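In the working numbering, the protein residues as written are 10 to 369. Scroll down for the structure; my scribbles are underneath it.
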Ligand code: PMP
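The structure is reproduced here in structure tokens:
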């Protein structure tokens with residue numbers, strides 16, 4: 010426990026301490042330039058090299074090759090809700106959306122302003138406890154959009170649907186790089202960095218070159234993927250410090266053994282907390298159905314809801330920070346992103362058992 014706390018915030022969220030220390034150590038002198046990375050031109054060679062390295066590391070971690078590009082954009086994952094349909098949903102076409110929570114609803118809302126959409130499956134009736142397993146795709150959709158991990162409801166896709174040649178696109182904001190995935194199957198992946206990859210301010214877009222080449226003409230330069238792809242993410246001033254930190258996080262992920270190793274650690278962390286819920290005899294109740302439980306956001310309530318406030322304030326006193334559920338659904342939520350140390354999950358499980366003993 011460093012600084013006496015464990016950070017369970019849903020985002021911005023915990024970063025690897027090692028990475029923060031590295032950034033601190035070279036804050037005044039980036040790569041021997043005698044300047045801070047905060048002061049350096051985005052057109053300077055060392056910064057261009059950094060962007061190239063970050064792109065290469067992301068592709069390596071996801072086992073992607075020449076056929077994919079990585080872009081570093083601004084506007085958060087929320088801007089991607091609009092950019093994706095602006096670039097890929099033409100008149101006369103339909104885009105299919107799978108609804109698994111509030112963020113996929115928001116993505117759909119934006120797409121509806123731009124073109125025709127179809128909901129291929131929705132978990133709304135089941136309070137988004139479960140990832141749908143049957144889908145009704147429209148005929149030849151322009152693309153299919155899904156949200157790989159639902160930050161608010163605490164559900165996560167286990168396997169992605171096989172839709173053949175139809176472009177598969179995903180918002181992976183809250184579980185990017187938490188486990189190996191068949192990234193090659195995706196035409197476009199986007200993720201705000203501020204949960205698993207770095208600080209707020211940069212959004213990672215990973216896209217197939219072939220898909221990018223099929224984009225519709227977009228009259229606004231900043232909203233066209235082509236602008237950013239052609240300029241290697243340096244069309245305008247990028248969020249340079251955020252990209253710098255993302256690069257350090259990708260180096261850290263590689264040192265930790267890559268995504269297979271990270272997944273094992275994430276499974277072990279989540280198990281501590283899910284076991285505490287399942288072993289509580291109903292005192293704690295998980296929101297997600299067991300086949301859809303997230304490795305990254307563990308959502309639960311206390312049977313006697315009046316105890317949730319006390320739980321949270323006592324947890325804070327023990328240094329367990331950020332356990333309040335999202336304001337739209339209430340309850341409790343433990344976010345267990347890559348950088349959360351396993352000891353934090355163990356500490357939370359211990360606290361849950363103690364709390365139950367005193368209040369059960
Ligand atoms: N999608 C998901 C799955 C999220 O969790 C979030 C943020 N919590 C967003 C989109 C919105 O991201 P941003 O704040 O970067 O726009």
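For each residue, glycine too, the CB sits at the ideal point set by N, CA and C. In this text the structure is predicted, and so the values were computed from the model without any measurement.
For residue 276, count neighbouring Cβ atoms within 10 angstroms of its own Cβ and tell me buried if that reaches 16, exposed if not.
exposed
For residue 261, I'd like the list of residues in its chain whose CB is within less than 7 Å of its CB, leaving aside the five on either flank, ordered along the chain.
25, 27 and 28
Kindly indicate which three-state DSSP category residue 107 falls into: helix, strand or coil?
strand
With DSSP run on the structure shown, which of helix, strand or coil describes residue 258?
helix
Measuring CB atoms only, is the stretch 96-116 touching the stretch 237-255, in the sense that at least three cross pairs come out at less than 8 Å?
no
Measuring CB to CB, does residue 103 end up less than 7 Å from residue 127?
Going by C-beta atoms, residue 103 is nearer than 7 Å to residue 127.
Please list, in chain order, all residues with a C-beta atom less than 5 Å from at least one heavy atom of the ligand PMP.
85, 86, 87, 112, 160, 180, 182, 183 and 201
Could you give the distance in angstroms between the alpha-carbon of residue 35 and the alpha-carbon of residue 257?
Distance between residue 35 and residue 257, taken at the CA atoms: about 12 Å.
Tell me which same chain residues have a C-beta within less than 7 Å of the C-beta of residue 278, skipping the five on either side of it?
345, 349, 351 and 354
Whether residue 175 touches residue 338 by CB criterion (7 Å)
no
Residue 273 classed as buried or exposed, judged by whether at least 16 other C-beta atoms fall within 10 angstroms
exposed
Quick test of your reading: residue 360 and residue 327, contact by CB under 8 Å. State the CB separation rounded to the nearest angstrom.
Confirmed, Cβ separation roughly 6 Å.
Terminal residues of the continuous alpha helix (DSSP H) containing residue 217?
Residue 217 -> not in any alpha helix (DSSP H); beta strand (DSSP E) instead, spanning 212-217.
Test item: CB-CB of residue 357 and residue 329 under 7 Å:
yes
In chain order, what residues of the same chain have a beta carbon less than 6 Å from the beta carbon of residue 152, not counting five sequence neighbours either side?
Taken in chain order, the residues that qualify are 97, 104, 176 and 178.
Thinking just about the alpha-carbon of each residue, which of 129, 214, 44 and 92 is nearest to the one in residue 64?
A check of alpha carbon separations from residue 64 across 129, 214, 44 and 92 identifies 214 as the nearest.
For residue 143 and residue 55, the rounded distance between their alpha carbons:
49 Å
Between the CA atoms of residue 60 and residue 240 - distance to the nearest angstrom:
Their backbone Cα atoms lie some 12 Å apart in a straight line.
For my contact list, residue 70 and residue 267 are in at a C-beta cut-off of 8 Å; report their separation, rounded to the angstrom.
That belief holds up - the Cβ atoms of residue 70 and residue 267 are roughly 6 Å apart, short of 8 Å.
When we look at the beta-carbon of residue 375 and count the other beta-carbons within 10 Å, is it buried (16 or more) or exposed?
Not covered by the structure: residue 375. The range shown for the chain is 10 to 369.
Could you check the C-alpha separation between residue 321 and residue 284 for me, to the nearest Å?
19 Å
Taking all protein chains shown into account, do 16 or more other C-beta atoms lie within 10 angstroms of the C-beta of residue 229, making it buried, or fewer, making it exposed?
exposed
Residues near residue 21 in its chain [Cβ-Cβ closer than 7 Å; skip 5 each side]
203, 208 and 209
Quick check on DSSP: helix, strand or coil for residue 237?
helix
Please classify residue 142: does DSSP put it in a helix, a strand, or coil?
coil
Got a sec, what are the start and stop residues for the beta strand (DSSP E) residue 126 sits in?
125-131
Local conformation of residue 364 per DSSP, three classes
helix
Just the C-alpha distance for residue 301 and residue 168, rounded to the nearest angstrom, thanks.
10 Å
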